[in-house]
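First comes the structure, then the notes that go with it.
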Amino acid sequence: MSKNTVSDRFRKVDVDEYDENKFVDEEDGGENQGGPDEAEVDGLLRQGNMNGALHAVLKNPPINTKNQNAKERAELLVVKVLSSFKSSDIEKAMGSLDKAGVDLLMKYIYRGFEKPSDNSSAVLLQWHEKALAVGGVGSIVRVLTARKTV
Amino acid sequence: MSLYSFGLEPLSCHAWNKDRTQIAVSPNNNVVNIYEKKGKDWVKIHELTEHSGRITGIDWAPESNRIVTCASDRNAYVWTMKDGLWKPTLVLVRINRAATCVKWSPLENKFALGSGARLISVCYFEKENDWWLSKHIKKPIRSTILSLDWHPNNILLAAGSADLHCRVFSAYIKDIEDKPGPTAWGAKMPFGEVLLEQKDCGGWVHSVSFSPSGDQLACVTHSSSVIVVDAAQSKQVTQLTTEHLPMLSVLHVSPTELMAAGHDSCPYQFTYKGPGTLKFVKKLDIPKQTSKGSMSAMQHFRNLDKRATEDDSNELDTLHQNSITQLCVVSGEKTKVEKFSSVGLDGAMVIWEFKVSDFTLK
Numbered sequence: 001m002s003k004n005t006v007s008d009r010f011r012k013v014d015v016d017e018y019d020e021n022k023f024v025d026e027e028d029g030g031e032n033q034g035g036p037d038e039a040e041v042d043g044l045l046r047q048g049n050m051n052g053a054l055h056a057v058l059k060n061p062p063i064n065t066k067n068q069n070a071k072e073r074a075e076l077l078v079v080k081v082l083s084s085f086k087s088s089d090i091e092k093a094m095g096s097l098d099k100a101g102v103d104l105l106m107k108y109i110y111r112g113f114e115k116p117s118d119n120s121s122a123v124l125l126q127w128h129e130k131a132l133a134v135g136g137v138g139s140i141v142r143v144l145t146a147r148k149t150v
Numbered sequence: 001m002s003l004y005s006f007g008l009e010p011l012s013c014h015a016w017n018k019d020r021t022q023i024a025v026s027p028n029n030n031v032v033n034i035y036e037k038k039g040k041d042w043v044k045i046h047e048l049t050e051h052s053g054r055i056t057g058i059d060w061a062p063e064s065n066r067i068v069t070c071a072s073d074r075n076a077y078v079w080t081m082k083d084g085l086w087k088p089t090l091v092l093v094r095i096n097r098a099a100t101c102v103k104w105s106p107l108e109n110k111f112a113l114g115s116g117a118r119l120i121s122v123c124y125f126e127k128e129n130d131w132w133l134s135k136h137i138k139k140p141i142r143s144t145i146l147s148l149d150w151h152p153n154n155i156l157l158a159a160g161s162a163d164l165h166c167r168v169f170s171a172y173i174k175d176i177e178d179k180p181g182p183t184a185w186g187a188k189m190p191f192g193e194v195l196l197e198q199k200d201c202g203g204w205v206h207s208v209s210f211s212p213s214g215d216q217l218a219c220v221t222h223s224s225s226v227i228v229v230d231a232a233q234s235k236q237v238t239q240l241t242t243e244h245l246p247m248l249s250v251l252h253v254s255p256t257e258l259m260a261a262g263h264d265s266c267p268y269q270f271t272y273k274g275p276g277t278l279k280f281v282k283k284l285d286i287p288k289q290t291s292k293g294s295m296s297a298m299q300h301f302r303n304l305d306k307r308a309t310e311d312d313s314n315e316l317d318t319l320h321q322n323s324i325t326q327l328c329v330v331s332g333e334k335t336k337v338e339k340f341s342s343v344g345l346d347g348a349m350v351i352w353e354f355k356v357s358d359f360t361l362k
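Shown next, in the form of structure tokens:
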């Protein structure tokens with residue numbers, strides 16, 4: 001046996017990084033997207049305008065930016081808004097969203113599933129059911145295939 | 001609608017001969033079977049066994065009666081009928097990855113081959129040396145080519161790729177054809193020229209289809225959407241996201257109607273009448289009215305317990321029991337298709353009828 005078998009550090013090398021044909025996503029300038037406006041959303045929540053808060057929080061999604069903080073802030077804000085809805089109002093709120101809004105909401109819902117906290121999973125599951133009724137499996141497929149996600 | 005089952009193996013691809021009495025299919029292995037219609041049945045008459053890898057594409061040229069096949073063994077063969085048998089001729093495609101799709105051009109003097117080597121091989125027959133040569137289109141393709149379609153002018157080629165782009169290239173080969181006139185896609189068309197690069201279609205572009213006039217290009221992507229690029233309206237793009245599972249194949253059945261089918265196992269009809277007017281029309285499959293026999297109470301509760309459902313059937317309510325992989329025109333002109341066929345992972349081939357009165361003018 002040769003001496004080379006002693007160290008196995010070579011197994012931890014990421015060979016894909018050295019591949020010259022590696023597929024690199026095209027960069028889109030997303031530095032301006034800071035996520036939904038927290039002040040605006042909080043204001044609408046306090047006023048009790050649920051639908052308005054939902055629309056406001058779905059504005060300006062941090063899709064193109066690489067700033068993880070912006071994405072996390074946006075996600076927490078969305079979960080906050082979704083949790084403050086009464087179960088009976090969810091369906092009406094879904095009706096007020098357009099196709100792109102439903103797709104975006106699905107992306108936030110699945111993002112929320114990744115980091116569950118307290119009651120968030122139950123709330124998100126209710127929203128998921130209603131969003132699925134409107135968007136169909138196609139909206140879930142788009143969550144899975146999107147290269148740039150919230 | 002008529003269904004014929006070719007067995008249990010998935011059908012990777014299929015192609016019809018000129019008068020639609022014979023069909024070439026591959027049951028997900030390295031063999032192409034040719035069946036002939038005898039009454040209501042399809043009887044196997046030939047077996048083409050030259051490939052060593054799984055067959056990924058078959059195309060049958062109707063006028064010159066030649067079959068081109070391509071496989072994951074990085075080869076393509078052109079088969080010609082001699083004395084009642086199909087004789088293969090190797091094509092030098094010069095690719096170092098699997099071939100994924102192949103299509104004869106409308107005039108059948110050349111064919112295009114897509115591959116995992118991130119290039120398209122356009123192959124033509126050179127008479128002096130009596131062999132098939134190929135020219136490569138490489139830039140700016142950055143991943144596997146998943147689908148190809150020729151423009152009616154025999155020069156332009158649309159390619160859908162796994163790098164999420166849909167492109168139109170010029171495949172003009174000056175050795176075998178005259179210079180083409182300008183089209184809605186562009187005027188200058190040297191070989192390899194990119195006339196359209198539709199970026200970021202949302203997902204892998206599984207299938208592309210030119211309209212009968214060649215002025216519109218439709219593609220279906222893995223993000224469950226249908227995209228139409230209209231060259232006649234300055235290349236405006238119309239995108240429709242659907243709530244179905246992704247489609248794997250799209251076909252124009254008239255200048256305005258599209259058929260798309262895929263993982264939902266049934267064809268869907270879409271209509272496009274101009275930029276911004278891409279709409280879903282209807283699902284073509286009529287669900288079977290299954291007569292549920294009387295189930296005993298014991299059976300009912302047993303189902304509820306084991307499967308959380310009261311249903312006893314394991315079948316889908318569509319004709320195909322698994323994803324549809326390819327759609328092909330069977331009868332009718334390109335502008336007025338009357339019948340088209342679909343093959344799927346369930347090993348079945350279904351012939352669908354499309355009636356012109358199906359598109360309602362509202």
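As given, the protein sequences belong to chains Y and L, one line each in that order. FYI, full-length UniProt numbering numbers position 17 of the first sequence as 17, with every residue one higher than the one before it. FYI, full-length UniProt numbering numbers position 203 of the second sequence as 203, with every residue one higher than the one before it. Glycine is no exception: its CB is placed at the ideal position from the N, C-alpha and C atoms.
Within the same chain, show all residues whose beta-carbon is closer than 7 Å to that of residue i, passing over the 5 residues directly before and after it, in chain order.
{"i": "Ala-117 of chain L", "result": "Ile-95, Asn-96 and Arg-97"}
{"i": "Leu-316 of chain L", "result": "Ser-265"}
{"i": "Val-81 of chain Y", "result": "Val-41, Leu-45, Ala-53, Leu-54 and Val-57"}
{"i": "Asn-29 of chain L", "result": "Arg-54"}
{"i": "Leu-361 of chain L", "result": "Only weak support is given to the placement of Leu-361 of chain L: the predicted model assigns it a pLDDT of 43, under 50, and the value that follows is read from those uncertain coordinates. Correct list: empty, nothing qualifies."}
{"i": "Asp-73 of chain L", "result": "His-51, Ser-52 and Gly-53"}
{"i": "Gly-186 of chain L", "result": "Leu-195"}
Just curious, the alpha helix (DSSP H) that residue i is in, first and last residue?
{"i": "Asp-103 of chain Y", "result": "99 to 114"}
{"i": "Asn-69 of chain Y", "result": "68 to 83"}
{"i": "Thr-89 of chain L", "result": "Not the alpha helix (DSSP H): Thr-89 of chain L falls in the beta strand (DSSP E), residues 85 to 91."}
{"i": "Leu-157 of chain L", "result": "Leu-157 of chain L -> not in any alpha helix (DSSP H); beta strand (DSSP E) instead, spanning 156 to 161."}
Could you spell out the range, first to last residue, of the beta strand (DSSP E) harbouring residue i?
{"i": "His-136 of chain L", "result": "131 to 137"}
{"i": "Asn-51 of chain Y", "result": "It is not in any beta strand (DSSP E) - Asn-51 of chain Y instead sits in the alpha helix (DSSP H) that spans 50 to 57."}
{"i": "Trp-79 of chain L", "result": "76 to 82"}
{"i": "Gly-262 of chain L", "result": "257 to 262"}
{"i": "Ser-139 of chain Y", "result": "No beta strand (DSSP E) contains Ser-139 of chain Y, which is instead part of the alpha helix (DSSP H) from 120 to 145."}
{"i": "Gln-47 of chain Y", "result": "Per DSSP, Gln-47 of chain Y belongs to no beta strand (DSSP E); it is in the alpha helix (DSSP H), 38 to 47."}
{"i": "Thr-56 of chain L", "result": "55 to 61"}
{"i": "Lys-188 of chain L", "result": "Per DSSP, Lys-188 of chain L belongs to no beta strand (DSSP E) and is neither H nor E."}
{"i": "Glu-126 of chain L", "result": "120 to 126"}
{"i": "His-206 of chain L", "result": "205 to 210"}
Using the three-state DSSP reduction, which class does residue i fall into: helix, strand or coil?
{"i": "Asp-305 of chain L", "result": "helix"}
{"i": "Thr-21 of chain L", "result": "coil"}
{"i": "Arg-11 of chain Y", "result": "helix"}
{"i": "Ala-93 of chain Y", "result": "helix"}
{"i": "Ile-95 of chain L", "result": "coil"}
{"i": "Val-24 of chain Y", "result": "coil"}
{"i": "Tyr-272 of chain L", "result": "strand"}
{"i": "Thr-360 of chain L", "result": "Only weak support exists for where Thr-360 of chain L lies, its pLDDT of 45 falling under 50; the value from the coordinates is given anyway. Note: Thr-360 of chain L maps to coil in three-state DSSP."}
{"i": "Thr-335 of chain L", "result": "coil"}
{"i": "Ala-297 of chain L", "result": "helix"}
{"i": "Gln-198 of chain L", "result": "strand"}
{"i": "Thr-149 of chain Y", "result": "coil"}
{"i": "Gln-321 of chain L", "result": "coil"}
{"i": "Asp-73 of chain L", "result": "coil"}
{"i": "Ser-254 of chain L", "result": "coil"}
So what does residue i bridge to, in DSSP terms?
{"i": "Gln-239 of chain L", "result": "L:Ile-227"}
{"i": "Leu-48 of chain L", "result": "L:Val-32"}
{"i": "Met-349 of chain L", "result": "L:Tyr-4 and L:Val-343"}
{"i": "Arg-142 of chain L", "result": "Answer is none; Arg-142 of chain L lacks a bridge partner."}
Applying the 10 Å Cβ sphere with the 16-neighbour rule, what's the burial state of residue i?
{"i": "Trp-131 of chain L", "result": "exposed"}
{"i": "Arg-11 of chain Y", "result": "exposed"}
{"i": "Glu-197 of chain L", "result": "exposed"}
{"i": "Gly-262 of chain L", "result": "buried"}
{"i": "Met-298 of chain L", "result": "exposed"}
{"i": "Met-259 of chain L", "result": "buried"}
{"i": "Val-343 of chain L", "result": "buried"}
{"i": "Asp-59 of chain L", "result": "buried"}
{"i": "Gly-135 of chain Y", "result": "buried"}
Less than 8 Å between C-beta atoms, sequence neighbours within five positions excluded: which residues of the same chain meet that for residue i?
{"i": "Lys-174 of chain L", "result": "Phe-191"}
So, for residue i: in the same chain, excluding its five sequence neighbours on each side, which residues have a beta-carbon less than 6 Å away from its beta-carbon?
{"i": "Arg-73 of chain Y", "result": "Gly-35"}
{"i": "Leu-319 of chain L", "result": "Leu-3, Asp-285 and Val-350"}
{"i": "Ser-184 of chain L", "result": "Sequence inspection shows Ala at residue 184 of chain L; the Ser mentioned does not correspond to that position. Cβ neighbours of Ala-184 of chain L beyond the five flanking positions: Asp-215, Ala-231 and Ala-232."}
Starting from the beta carbon of residue i, find every residue of chain A whose beta carbon is closer than 7 Å, and list them in chain order.
{"i": "Arg-142 of chain L", "result": "Absent from the structure: chain A. Protein chains present are Y and L."}
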